[in-house]
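The working numbering applies: residue 9 is where the sequence shown begins, and numbers increase by one.
One structure is given below, encoded as structure tokens.
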Amino acid sequence: MMFQHMIEANNLPFDEYLDNPEQDIEFIKELMTGVKGPQVKIREDKVFLYEIVVNRMSGLDVNRIDSTMRDSVVLGKRILHWRKILNKIRVKVCPDGKKHICANEEDLDKYNGLFADRHALFKELYFERKNRIVATMINQIFIKCGKAEFIKGPDGNRLSLIDAIKTMDTYCRINDSIIGIIRETVADTEVEKLIQFLRSSKLFIPIGYVKNCQLAGGAQQLKEEIAAYEDGLSEDDIIVDVAESGYEGATSESMYYISSDGTVKQWTTEWVSSIKCIIYCSPK
């Protein structure tokens, strides 16, 4: 985990700041992942802290606020005045008998605006046609690299891309130059062809999409069935990109808020999660 790597690499003196460093560090790790582990039993009065970084109930957390605000600048969208909102956040005992982070009722429209901006980002930026195709091509390059060992690890040995991202020291040194490194070191004709397509803007060709693909074999079965009905196309010519919306695995979000009369109330919104499979054909 990156947090543990930062502690070890920088020799951070937590003993000077924490009463119980070992326990407190584990608690911080749980807060960062949003997964309530053994520490939650020790700190029942602080359980609301799990909602700060990864809020699995409302989805409103510092991670989502930060990424949405950062990427909204790209599209020239409004910026959430988060300082004003956070100053009104309170921790209250809610109807479920537990402490939760509660918003102020008068700020609910601002939160709705944040989620609307996030939805727009998926539609106008993350799923923008050319951006999505380029991202898919880069992903295919990484996949086709497979187990090729071309990245120098901390001990001097060569690692595959899969192993390199598991070692935080090596992961920190991976940047935009990775495509150039792959081009120079990985001897694979398919990889070379994809990189050449990418450099010459000869992009994958979208040929269709399927909403909520229910095939038992998933994307692979979809490729096989398309190839079987299309002359001149092999499975290797077909690329299936599973386009997720960021809300997979959740069917509702809920949040407690402080109403104008001072009581704690709750709003809940529900939806049907959908996944779209975008189908591309590799250029010749």
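We put the CB at the ideal spot given by N, CA and C, even for glycine.
These numbers come from a predicted model, not from an experiment.
Asked                                                                                                                                                : Found
Expressed to the nearest angstrom, what Euclidean distance is found between the alpha-carbon atoms of Cys221 and Lys155?                             : 29 Å
With a cut-off of 8 Å, do at least 3 Cβ pairs link the region 157 to 170 to the region 178 to 196?                                                   : yes
Quick check on Ala195: does DSSP put it in helix, strand or coil?                                                                                    : coil
Please name the residue in Ile215, Ile234, Pro214 whose C-alpha comes closest to that of Leu223.                                                     : Ile234
Just mark Ser80 as buried or exposed, buried being the case when its beta carbon has 16 or more other beta carbons within 10 Å.                      : buried
Verify whether the separation of the beta carbon atoms of Thr152 and Leu211 is less than 9 Å.                                                        : Going by the sequence as given, residue 152 is Lys instead of Thr. No.
Assuming Val61 contacts Val70 under a Cβ cut-off of 8 Å, what Cβ separation, rounded to an integer in Å, is found between them?                      : 6 Å
What residue range is occupied by the uninterrupted alpha helix (DSSP H) comprising Cys153?                                                          : 137 to 153
Rounding to the nearest angstrom, what Cα-Cα distance links Gly226 and Val250 in this structure?                                                     : 10 Å
Give the straight-line distance between the Cα atoms of Val99 and Leu57, rounded to the nearest whole angstrom.                                      : 10 Å
Taking Glu59 and Ser267 to be in contact with their CB atoms under 8 Å, please state how far apart those CB atoms are, rounded to whole angstroms.   : The pair is not a contact, with the Cβ atoms about 19 Å apart (cut-off 8 Å).
Let me know the alpha helix (DSSP H) ranges lying completely inside the region 202 to 241, each 4 residues or longer, listed in chain order.         : 226 to 237
Considering only residues of the same chain and omitting the five flanking positions on each side of Phe22, which have a CB-CB separation below 6 Å? : Pro29
Whole angstroms is fine: what's the gap from Thr178's alpha carbon to Asp163's?                                                                      : 10 Å
Using the C-alpha atoms, what's the distance from Arg126 back to Trp90?                                                                              : 15 Å
Candidates Pro103, Phe11, Glu24, Ile87: which alpha carbon is nearest Met263's?                                                                      : Pro103
Which partner residues does Asn112 have in the DSSP bridge list?                                                                                     : Ile266
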